[in-house]
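Student: Sharing a structure with you now.
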Amino acid sequence: MLRYIVKRLFYAILTLFVIASITFFLMKILPHNPFNDPKIKPEVRAALEKKYNLDKPILVQYGLYLKNLVKGDLGISMKEAGRSVNAIIRENFPNSFAIGWRAAVFATVFGLLLGIVAALNHEGLLDYLSILIAIIGVSIPSIVLGPILAYFLGVELGWFPVTVNESEWSLVLPSVTLGLGSLALISRLMRSSTLEVMGQDYINTAKAKGLSKGEIIWGHVIRNAIMPVVTVLGPTFASLITGSIVIENIFAVAGLGKYFVKSIYESDYSMIMGITIFYAALIILSMLLVDIIYGLIDPRLRVKGKGGK
Amino acid sequence: MADSKDKKVLVRVKNLKKYFEVSKGVYLKAVDDVSFDIYKGETLGLVGESGCGKTTIGRTILGIYEPTDGVVEFDGQPVSGLKGKKAKEFKKRAQMIFQDPYASLNPRMMVSNIIAEGIDIHKLATGEERMRRVYELLEKVGLNKEHANRFPHEFSGGQRQRIGIARALAVEPEFIVCDEPISALDVSIQAQIVNMLQDLQKELGLTYLFIAHDISMVKYISDRIGVMYLGKLVELADSHELFTSPKHPYTQALLSAVPIADPDEAAKKKRIKLEGDVPSPINVPKGCRFRERCKYAKPICAEVEPPLKEVSKGHSVACHMVSEEK
Amino acid sequence: MADLNIQNIDPSKFTHVGKNIKESQAIKRESMSYYQDALRRLKKNIPAMISFWILVFFMIMAIIGPIISYKLYGHTYKKQNLQEQNQTPFMSNARSITMIANDVFDYDDYSSNFRKSKVTFRNVRFKSAGEIAFKIGNASEESWQGDKKEYELRITVDNSDTWNSVVKKLNDAGEKILNEDPDFRGITFTKKGRNLTIKTHGEKWFNKKYWLGTDEFGRDLWTRLWEGARVSFFIAITSVLFSVLIGIVYGGIAGYKGGKVDTFMMRIVEILMTVPSLLYIILLLTVMEPGLKPIIIVLSCTSWMGTARLVRGEVMRLKHSEYVIAAQALGADTKRILFKHLIPNTMGPLLVNMTMMVPSMIFSEAFLSFIGLGMPAPFASWGVLANQGANVFRQFPHQLIIPAVVISLTMLSFNLLGDGLRDALDPRLRQ
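Structure, rendered in structure tokens:
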């Protein structure tokens, strides 16, 4: 088990390194940078370039960048003088996280429930409901769904605040919008997985043994059906992070996603670079956690060797 | 089965080894030092349980796998390392029939194109002549002209196997490796296919290497039979000889498991049950590979691997105990 | 019946048919290739067929939609008409205003300039008990009903009145004017929560010049919708084609070579797949100038990994399949195996994969427009339209709803068609 975790950890770090390098060199081949605005005087520009180490050879910059990265330092914003990327992340990320974890919990809990209920009620009303939600989840992009939910549930019906403020209630709409796509995916997978498990011989055996329906569903069906769903949780949580970029702009959340788009509009490259790496690290971390959890609950994964003739 | 020495050797397998690398430094020894000859016009049966290396031998003889060590000679010429024209020439002379009639036909190709694949590759015929040959081959294997424009999924297992045979015959080969051609078929169809293979052998003077795990079917078609165990040839003898006086304990066990139609005979027969499982071909035991399951095993069996030795004319066995008896 | 005795059946009633090998080998069904068979199955799948025809319709409209509106009215996707901004598909001279209820009666003069048509409320006071007077319309300029008339609405309230009774009194007074003066079109007051909505009645008519209305610059939305369809379909389909091409080559090499090459190549894919492609897309597009070409390049460069995996898996599987070994035994060269066996057998799953990729490309394009990295103005794409619509959604919902419906229908149709194709091509279902 330890070997498995160490291996996963190694790949996580390798992936992060690759992404950091790609990000760095992409930013370096930029045809323009924020300082070659003709309005900036040459001496000011030189001072700025010195400040941001842009005057040094590229490999030295790369080295400095990696060194800072290891220390956890993501650099300084090019637009907001003197503010570090870390400080901005510290300031904005909690707001994103508040919505993010709610969306993740909402998607997982309701997705699993809906999937199980739909499978148990195969071809019944709830089953069609789950299919409908799955269809909405895959075919309505969040940039469309967000404003529509905000309009009907927020403006027309007045149930929820349209923008996020201090109240818990105001987090409902953004969390639901953010989580709906993942909910659809999880419920669809859970539904098919549950249906498959219920057709297995060991379920018939359990029935023949005289176990109650509840015991069968809880003890046999769910425990086996949930395994394939766990594997997609990593990528699903990752999609929540990119999704938050849209959601935060629709619901005016002062979060990192909103800041990210702002830095794209302002061409604040060090900011874009820093946030991208932060996001990547977050995604890799969440995938790593899911992998480890999966390894813990599924002993087969540890002994899985290579097949073949 | 007169004196086999008079016959011309068509295929000679000498110290053939074929290892597959499973992961770094770990090898699966599918075939480990096997030697035998196949004479022109005969059928050599090769039996053994699944995973013992029968299929690998068949495929290595045809040059589909490169041998790890050892030589396969076809008509006096080494098969491995053949290039270009010579490789093509060899592939025209030696062909193969496959085990799974569902997997061995390309589902996207029409039957006529499947059968004519060899004709196309070797540029034997084109246009009308090509179709004429396809029809002829279809007739030969008991199908008819109308089947030429159909697709594999429209046929039953037995019919597909016939198509596979027609494909092999299309290049007019001398030698065919039949890799368990009947084990995926219904019992009623099995006899049809085996009879057809025998008829074709007589008609076209073919030589067969007939691989199977069902020893009774092999007895029916083969002139000689080789028994394999875990990548090794443990016994090789005339079909009749092998059935009447099996020498190797593994062969004896195999034969004892053959069902007999006559209940009185069957009652007399004593079934030899083998204990344990076949060891993994990745981790082959030292000495005789069969010793862990052999009731005659002696200390020497754990030390020295028994070589395949001729114990009587045309009958070779790889067992220390047998040679001692002699 | 009870006396039926087998012994007594007359043998002459039976004839021996014998067995006919030729007959038993015959296949009665019409001959069908794999794809004909798949097509037959697909045609039976109603959702997939509806999706297919919806997509065909959208593609035809993408071609002829802008031409129609150009021929009829001279609309183009970028021609602005600042006199006719934000029109709706159905025009109406009814007007409505929503205000916070407690603020409403605090105006001396409330003039709504809403949608270029004037409704004026004057002398509105409701601070305490007493009289409320409304003046609707204006004698000196043309009002919402297209005439120069002023109506007065007057009620008295006392301390026992609640908001509900006040609203009722207002509506009754409005009705009274309607009964007395045939020129008046009517007015309705509704209160929901803290909001009071005042709605003057009017007529509705179809917007003949701008079928789907106009945007904030007075550009025809019909033209922009189908022009946007051209751009979005073009981006999505070209990106999918390029991405699949990269995937086939990469996955094909990895699968065919196998061994260490395969392990190494697939490890790279795994690393690239860990992080959602949208992050790379954002990074790459900030580096490039926005435009059609960069978007296509970036989308195809960031989405080939799934195809590569698929192709590699298929090649690995087929490489060891018996019919490929049979071809090798017959002496087929690599080229023949590739083109006659591997590629035709990979086409099915690949087709499904491509169909499923289109909606994600459309989504990515929309996402990029949303964060300001999409097609630059004045170009239209569905993402651009949805983004513009989202900005003005509360005032002009149609500007979002129309592109939203089209985008969602397209994504849904591609998904359902992909599902249908997969079911139709899946050999496990065939008999």
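Protein chains in written order, with the numbering used here: chain V, 3 to 311; chain C, 19 to 344; chain S, 1368 to 1798. Virtual Cβ for every residue (Gly too), placed ideally from N, Cα, C.
Verify the CB distance criterion: does residue 64/V have a CB-CB separation below 7 Å to chain S?
Tutor: For the purposes of this step, residue 64/V is identified with residue 62 of the first sequence, where counting begins at 1. Chain S contact via Cβ: absent.
Student: Closer than 7 Å between beta carbons: that is the criterion. Which residues of the segment 1681-1696 of chain S meet it against chain C?
Tutor: Residues passing the 7 Å Cβ filter: 1688, 1689, 1690, 1692, 1693, 1694, 1695, 1696.
Student: Tell me, which residues are paired with residue 220/V by DSSP?
Tutor: Residue numbering aside, residue 220/V sits at position 218 when the first sequence is read from its first letter. Residue 220/V is not bridged to any residue.
Student: Is the separation between the beta-carbon of residue 49/C and that of residue 36/C shorter than 7 Å?
Tutor: In the second sequence, the residue the question calls residue 49/C occupies position 31. In the second sequence, the residue the question calls residue 36/C occupies position 18. Against a cut-off of 7 Å, the Cβ pair of residue 36/C and residue 49/C comes out as a contact.
Student: What would DSSP say about residue 1788/S, mapped onto helix, strand or coil?
Tutor: Taking the third sequence and counting its residues from 1, the one referred to as residue 1788/S is at position 421. Residue state, collapsed to three classes: helix.
Student: Just to make sure I have the definition right: I need the residues of chain V whose C-beta is within less than 8 Å of the C-beta of residue 1778/S. Which are they?
Tutor: Within the third sequence, the letter at position 411 stands for residue 1778/S. Neighbours of residue 1778/S on chain V, chain order: 140, 141, 142, 143.
Student: Mind pulling the chain S residues with CB within less than 7 Å of residue 256/V?
Tutor: Taking the first residue of the first sequence as position 1, residue 256/V is located at position 254. Simply none; closest approach about 17 Å.
Student: Taking the CB atoms as reference points, tell me whether residue 1670/S and residue 1688/S lie closer together than 7 Å.
Tutor: For the purposes of this step, residue 1670/S is taken as residue 303 along the third sequence, with counting starting at 1. For the purposes of this step, residue 1688/S is taken as residue 321 along the third sequence, with counting starting at 1. It is not a contact, given that the beta carbons lie outside the stated cut-off.
Student: Against residue 118/C, what residues of chain S qualify as contacts under a CB-to-CB distance less than 7 Å, listed in chain order?
Tutor: As a first step, residue 118/C is located in the second sequence; it is residue number 100 there, counting from the start. Within chain S, the residues near residue 118/C are 1689.
Student: Contact criterion: CB-CB distance below 7 Å. Does residue 121/C meet it with respect to chain S?
Tutor: The residue given as residue 121/C occupies position 103 in the second sequence. It does: the Cβ of residue 121/C has a partner Cβ on chain S nearer than 7 Å.
Student: Taking the DSSP output, what are the residues bridged to residue 49/C?
Tutor: As a first step, residue 49/C is located in the second sequence; it is residue number 31 there, counting from the start. Paired residues: 36/C.
Student: Hey, does residue 1584/S have any beta-carbon neighbour from chain V nearer than 7 Å?
Tutor: Against the third sequence, residue 1584/S aligns to sequence position 217. False, the Cβ-Cβ gap to chain V never drops below 7 Å.
Student: Relative to chain S, which residues along the segment 69-85 of chain C have a C-beta separation below 9 Å, given in chain order?
Tutor: For the segment 69-85 of chain C, which is checked against every Cβ of chain S, the residues closer than 9 Å are 77, 80, 81, 82.
Student: To the nearest angstrom, report how far apart residue 102/C and residue 139/C are at their CA atoms.
Tutor: As a working mapping, residue 102/C is identified with position 84 in the second sequence. As a working mapping, residue 139/C is identified with position 121 in the second sequence. Whole-angstrom Cα-Cα distance: 13 Å.
Student: Below 6 Å CB to CB, which residues in the same chain sit around residue 51/C once its five sequence neighbours on both sides are set aside?
Tutor: Taking the second sequence and counting its residues from 1, one reaches residue 51/C at position 33. Cβ neighbours of residue 51/C beyond the five flanking positions: 33, 35.
Student: Within the 7 Å Cβ cut-off, does residue 1643/S reach chain V?
Tutor: One-based indexing of the third sequence puts residue 1643/S at position 276. Output row for residue 1643/S: interface = yes.
Student: Find the residues of chain V that neighbour residue 1678/S, judging by a C-beta separation of less than 7 Å, and give them in chain order.
Tutor: For the purposes of this step, residue 1678/S is identified with residue 311 of the third sequence, where counting begins at 1. Under the 7 Å cutoff, chain V gives no residues; its nearest Cβ is about 20 Å from residue 1678/S.
Student: Could you tell me which of 31/V, 106/V, 12/V, 215/V sits nearest to residue 243/V, measuring between CA atoms?
Tutor: The count along the first sequence starts at 1 and reaches residue 243/V at position 241. Among 31/V, 106/V, 12/V, 215/V, the Cα nearest to that of residue 243/V belongs to 106/V.
Student: On the criterion of 16 or more Cβ atoms from any shown chain inside 10 Å, does residue 210/V qualify as buried, or is it exposed?
Tutor: Position 208 of the first sequence, counted from the first residue, corresponds to residue 210/V. Label assigned to residue 210/V: exposed.
Student: Taking C-alpha atoms, which residue in 176/C, 247/C, 142/C, 78/C lies nearest to residue 120/C?
Tutor: One-based indexing of the second sequence puts residue 120/C at position 102. The candidate whose alpha carbon is nearest that of residue 120/C is 176/C.
Student: Is there contact between the segment 239-256 of chain C and the segment 139-150 of chain C, where contact requires at least three CB pairs shorter than 8 Å?
Tutor: No, they do not touch.
Student: Thinking C-beta only, is residue 176/V closer than 7 Å to residue 247/V?
Tutor: The count along the first sequence starts at 1 and reaches residue 247/V at position 245. The count along the first sequence starts at 1 and reaches residue 176/V at position 174. No, these two residues do not count as a Cβ contact at 7 Å.
Student: By alpha-carbon positions, which one of 28/C, 117/C, 58/C, 130/C ends up nearest to residue 91/C?
Tutor: Locating residue 91/C in the second sequence gives position 73, counting from the first residue. Checking every option, the nearest Cα to that of residue 91/C belongs to 28/C.
Student: 7 Å is my cut-off, CB to CB: does residue 1733/S come that close to chain V?
Tutor: Counting from 1 along the third sequence, the entry for residue 1733/S is found at position 366. So yes, residue 1733/S belongs to the interface.
Student: Measure from the alpha carbon of residue 190/V to the alpha carbon of each residue in 204/V, 25/V, 112/V, 262/V, then state which is nearest.
Tutor: Taking the first sequence and counting its residues from 1, one reaches residue 190/V at position 188. Nearest C-alpha to residue 190/V: 112/V.
Student: May I ask you to list, following chain order, the residues of the segment 119-143 of chain C that have a beta carbon less than 7 Å from some beta carbon of chain S?
Tutor: Answer set for the segment 119-143 of chain C: 121, 122, 123, 124, 125, 126, 135, 136, 139, 140.
Student: Taking DSSP as the reference, what is the three-state secondary structure of residue 266/V?
Tutor: In the first sequence, residue 266/V corresponds to position 264, counting from 1. In this structure, residue 266/V counts as helix in the three-state DSSP scheme.
Student: Using only the heavy atoms of the ligand NAP, determine whether one of them is closer than 6 Å to the beta carbon of residue 114/V.
Tutor: You won't find the ligand NAP in this model; it holds no ligand whatsoever.
Student: Can you tell me whether residue 151/V is buried or exposed, with buried defined as 16 or more other CB within 10 angstroms of its CB?
Tutor: Numbered from its first residue, the first sequence carries residue 151/V at position 149. Its Cβ being crowded by 16 or more others within 10 Å, residue 151/V is buried.
Student: Three or more beta-carbon pairs under 8 Å between the segment 281-294 of chain V and the segment 1758-1771 of chain S, yes or no?
Tutor: Output reads no: the segment 1758-1771 of chain S does not touch the segment 281-294 of chain V.
Student: Around the C-beta of residue 1530/S, are 16 or more other C-beta atoms found within 10 angstroms, so that it is buried, or is it exposed?
Tutor: If you number the third sequence from 1, residue 1530/S lands on position 163. The residue in question, residue 1530/S, is exposed, as its Cβ has fewer than 16 Cβ neighbours within 10 Å.
Student: Who are the near neighbours of residue 1617/S in its chain, counting only those whose CB is closer than 6 Å to its CB and skipping five residues on each side?
Tutor: The residue you call residue 1617/S lines up with position 250 of the third sequence. If we look at residue 1617/S and ignore the five residues flanking it on each side, its Cβ neighbours are 1675.
Student: Rounded to whole angstroms, what is the Cα-Cα separation between residue 1503/S and residue 1517/S?
Tutor: Indexing the third sequence from 1 puts residue 1503/S at position 136. Indexing the third sequence from 1 puts residue 1517/S at position 150. Using only the alpha carbons, I get a separation of about 6 Å.
Student: Taking Cβ positions only, does residue 114/C come closer than 7 Å to chain S?
Tutor: Counting from 1 along the second sequence, the entry for residue 114/C is found at position 96. At least one chain S Cβ lies under 7 Å of residue 114/C.
Student: Between residue 304/C and the rest of its own chain, which residues show a CB-CB distance below 7 Å, the 5 nearest in sequence each way excluded?
Tutor: Along the second sequence, one-based indexing puts residue 304/C at 286. Correct list, in chain order: 320.
Student: Just the Cα atoms here: how many angstroms apart are residue 207/V and residue 256/V?
Tutor: As a first step, residue 207/V must be located in the first sequence, where it is residue number 205. As a first step, residue 256/V must be located in the first sequence, where it is residue number 254. Looking at the two C-alpha atoms, the distance is approximately 55 Å.
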